[in-house]
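Q: Numbering (the working numbering), first residue to last: -18 to 60.
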């Protein structure tokens, strides 16, 4: 299983998955922390998004979680 991600300290930027635009490696877990100038709003735009074929209508491995702080606590989960 691999890791990717990091900290983006910028008011704009681009995040891509490993291997983009080709398939990403098996078992990769990406966690990104995005910090912008206080008072600004973070807008996420997905230009291309694809998942593995879900089994029984679930996405156990391919998903995006978005949180409003760095704790990743359920109460701060936005989507």
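Ideal placement from N, C-alpha and C gives every residue a C-beta, glycine not left out.
Taking the C-alpha atoms as reference points, what is the distance between residue 29 and residue 11?
A: 17 Å
Q: Give the range of the beta strand (DSSP E) segment to which residue 12 is assigned.
A: 9 to 16 is the extent of the beta strand (DSSP E) around residue 12.
Q: Is the distance from the Cβ of residue 21 to the Cβ of residue -8 below 8 Å?
A: yes
Q: Leaving out five residues on either side along the sequence, give the residues of the same chain with a beta carbon under 6 Å from the beta carbon of residue 16.
A: -10
Q: Could you round the C-beta distance between residue 46 and residue 32 to whole angstroms and report it? I think they count as a contact, below 8 Å.
A: Incorrect: roughly 14 Å between the Cβ atoms, too far for contact.
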